[in-house]
Amino acid sequence: MSTPILQVQDLQVTYYTDAGRAKALDNVSFTLNSGEKMGLVGESGSGKSTMALAMMRMIKPPGRIEGGKVIVDGTDLVTLSDGEMLKARLSKIAYIPQGAMNSLNPVMRIGAQMTDAIRAHDSSISNSAMTERCMQSLESVDLKREVFKMYPHELSGGMKQRVCIAIGILLKPKVIIADEPTSALDVVTQRQVMETINRIQKDLGCAVILIGHDMGLMAQSMDKVAVMYAGKLVEISTVRQMFTHPFHPYGQALIHSLPNLDNKGVLQGIPGLAPSLLRIPSGCAFHPRCSKATEKCMVVTPRLQQQPDGRFVSCLLYEEDKVTA
Amino acid sequence: MYLVRRVLFLLFVIWVTSTIIFFIPRISPRNPIRERLAELSRSTGYAPKDLEKIVQAYNQKFGLDKPLAQQYAEYMGSVLRGDLGPSLNQYPKTVWELILEALPWTIGLLISTTLISFVLGNMLGALTAWPKSPRWVKGLMAPMMMLQGVPPYLLGLLLIFFVAFRAKLLPMGGAYEIGTRVSFTAQFIFDVLRHQLLPGLALVLSSVAFWALGMRGMGITIQGEDYVNFAEHKGLGAMVIFRDYYVRNALLPQVTGLALAFGQVIVSGVLVEQLFGLPGLGGLLGKAITANDYFVIFGIAFFIIISVTVLMLLVDIVYPLLDPRIRIDSK
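Note that the protein sequences, when read in sequence, are chains F and H. Residue numbers are given in the numbering used here: position 150 of the first sequence equals residue 150, and the series is strictly consecutive. Position in the second sequence (first residue = 1) + 1000 = the numbering used here.
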């Protein structure tokens, strides 16, 4: 494979709340090649959205990016000035929002909401060129050209989500982060939107990170799956590896909790609750809920390490021989 | 069709309210003519023996001796023909003459201060709720809320005392320097503006927080909206987001408030106009109520009702232009 288009290295985000410091992202690292699609899964509050926001440099106080790098196409976004970051959004890294229902300004025409985005990045482009680019973008997400002149309330939920995608790809970004883009849609529309995202990704050759809970969706359309737990990545593997033979006990529990055709009606949940980020358990954060936890898991913090088959896992079970203390 | 329905409803509202304001002053047992004549005789020292006869003569002249129902029917008829009747207190001037004399002053002071207060208050409110505003802007909210608690006439008194009386920076009252003639010279206009400054300030200071608070509340809600967030994700500059995404949406309910405020403002202007001795509608209404001048009270109230209802209709017509989600159905 070619050089990675996206490298996230030791990214750390902390929220300074009244109740204490919450480590929402704890030394998260991963790489993504262009053309690759990675799904990001995890329970609510595990840090998925925080990761998306941190990559867009949109963490708001009381949160802060404490360290690490987000390198897109050779540029480290974390070190950019605020002005440069504004330009980088949408042109290098684009975000497709979660609640597409409310993500468009109700009093502006769709066209105006597309052109202002282009104008913010390129003040010299002519109006006709700009309109043409918006039209093309709308067409590439299977929307009619007329949508350009419409208001958000005249569109259906699926159409609004497509508009958001059309806005996301206006400047042909290298990386697209889609934060649960289908969560508010019915299954038929979900499938259509996912097909659109897949096609766009192929056309642009960009990398896609899809955040979501829907394991089925991940299995259908992603190349890789990354599992987050308590602000850390615990396993990154290919979809096949993940769904046939997950390594991390949390990943295993996730897969076992999915319904399948052989044992209908019997669903296995994961015991316990996701930990509060204010009180992350010592050692491996998953140990209180882990069926395979040992004494050591309470003390030693595992690191994300590459396994012989190429996947990354953060679990003491797989670094036994390397750990000494 | 929508418009016809609206206008019919509007006429109904005007009829009901004008009926109420026709009867209310007449419920009181006071007779404005007798009071006026008594006042005249006190001031001149001449007490005519047949005062009652004069009172009756005037009652007959103005039609006040007829049964109330007949008075109502006849007066409403003349109102329909555009005649608001004579002033009882300042006869032979008609109500229309009095209103037209006072109107320019009221429009000049009350309308302009309301607009200034609306623009200023909304700007301040939007800025105090905007997270990127400097700290001192956010700090303006506390003094504004304090001013909001002070009624405009009290604020006017304080201004008269400190600015006009102590510091002698501005005139204490009146519409223009006594002895000057009303004209359209630069000098006269400047003189008028100088006289309007303090009452204007009193009105703006006491009402600006109303707009600022409303806008601030809306602004905080709008900031949490996904579309403001997504605008940031698009890499838009702070100015564009502030103008097109934030203020534009937060302003919508404030526009409705503006039409209502125009009706309110004459009421709050009554005391301020009286205090500063300005010849506006407020002052006129105040005088009319003291003298129980039926026709003038009715005339001014009727005028306010018509202005407010027409403004409301205008807002209803303009609102769809501001908010595309609201469209008048063409069925």
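Every residue gets a Cβ at the ideal spot worked out from N, C-alpha and C, and that includes glycine. Source: prediction; values computed, not measured.
Classification of Gly168/F by the beta-carbon crowding that lies within 10 angstroms, buried from 16 upward: buried
Under 8 Å, Cβ to Cβ, is there at least one residue of chain F near Lys1132/H? no
Pull up the distance between the alpha-carbon of Pro275/F and that of His287/F, whole angstroms please. 11 Å
8 Å is my cut-off, CB to CB: does His153/F come that close to chain H? yes
What three-state label does DSSP hand Ala226/F in the structure shown? strand
How is Asn1059/H classed by DSSP in three states: helix, strand or coil? helix
For the stretch 153-171 of chain F, which residues have a beta carbon sitting closer than 9 Å to at least one beta carbon of chain H? His153, Glu154, Cys164, Ile167, Gly168, Leu170 and Leu171
Thr31/F versus Val1204/H - alpha carbon distance: 59 Å
Name the chain H residues that come within less than 9 Å of Asn105/F, Cβ to Cβ? Glu1225, Tyr1227, Val1228, Phe1230, Ala1231, Asp1244, Tyr1245, Arg1248 and Asn1249
Spatial distance of Leu1260/H from Met114/F (CA atoms): 36 Å
Between the beta-carbon of Ser140/F and the beta-carbon of Leu170/F, is there less than 8 Å? no
What are the boundary residues of the beta strand (DSSP E) that includes Met38/F? Lys37 to Val41
If you follow the beta strand (DSSP E) that Arg1034/H is part of, which residue opens it and which one closes it? It is not in any beta strand (DSSP E) - Arg1034/H instead sits in the alpha helix (DSSP H) that spans Pro1032 to Thr1044.
Quick check: what's the CA-CA separation for Ser49/F versus Asp179/F? 7 Å
Please compile the residues from chain H whose C-beta is within a distance smaller than 7 Å of the C-beta of Tyr95/F. His1233
For Pro259/F, which three-state DSSP category applies? coil
Thr3/F - DSSP class collapsed to helix/strand/coil: coil
Are the beta-carbon atoms of Val1228/H and Ile1220/H separated by less than 8 Å? no
Please list the partners that Ala117/F has in chain H, where partner means a Cβ-to-Cβ separation under 9 Å. Ala1231, Lys1234, Gly1235 and Leu1236
Do you know how far the Cα of Tyr1245/H is from the Cα of Lys1331/H? Here the model assigns Lys1331/H a pLDDT of 39, short of 50, so the residue's position is not dependable and the matter cannot be decided.
Give me the chain F residues within the contact set of Pro1253/H, using Cβ-Cβ distance strictly less than 7 Å, ordered along the chain. Result: empty, since nearest Cβ-Cβ is about 13 Å, beyond 7 Å.
Closer than 8 Å, CB to CB, is Ser1330/H near chain F or not? Annotation note: pLDDT 46 at Ser1330/H (below 50); position unreliable, no value reported.
Taking one C-beta from the stretch 246-254 of chain F and one from the stretch 59-74 of chain F each time, how about it: are there three or more such pairs within less than 8 Å? no
Any beta carbon of chain F sitting closer than 8 Å to that of Pro1029/H? no
Compare the C-alpha of Gln1090/H against each of Val1247/H, Leu1201/H, Val1296/H and Ser1133/H and name the closest. Val1296/H
Just curious, the beta strand (DSSP E) that Lys23/F is in, first and last residue? Gly20 to Leu32
Give me the chain H residues within the contact set of Ala120/F, using Cβ-Cβ distance strictly less than 9 Å, ordered along the chain. Lys1234, Gly1235, Leu1236, Gly1237 and Val1240
At least 3 beta-carbon pairs within less than 8 Å: the stretch 1198-1218 of chain H vs the stretch 1106-1124 of chain H: yes
If you pair each beta-carbon of the stretch 1066-1080 of chain H with each one of the stretch 1019-1034 of chain H, do three or more pairs fall below 8 Å? yes
Kindly provide the ranges of any alpha helix (DSSP H) runs that are 4 or more residues long and lie completely inside the stretch 1089-1123 of chain H, ordered along the chain. 1095-1106
Between the C-alpha atoms of Pro1324/H and Val1247/H, what's the straight-line distance to the nearest angstrom? 16 Å
Going by DSSP in three states, Phe243/F sits in which element: helix, strand or coil? helix
Work out the CA separation of Leu1147/H and Lys1061/H for me, nearest whole Å. 49 Å
Kindly confirm or deny that the stretch 112-130 of chain F and the stretch 85-96 of chain F touch, where touching means at least three C-beta pairs closer than 8 Å. yes
For chain H, find out if any of its Cβ atoms is closer than 8 Å to the Cβ of Val8/F; answer yes or no. no
Span of the alpha helix (DSSP H) holding Ala1073/H? Leu1068 to Leu1080
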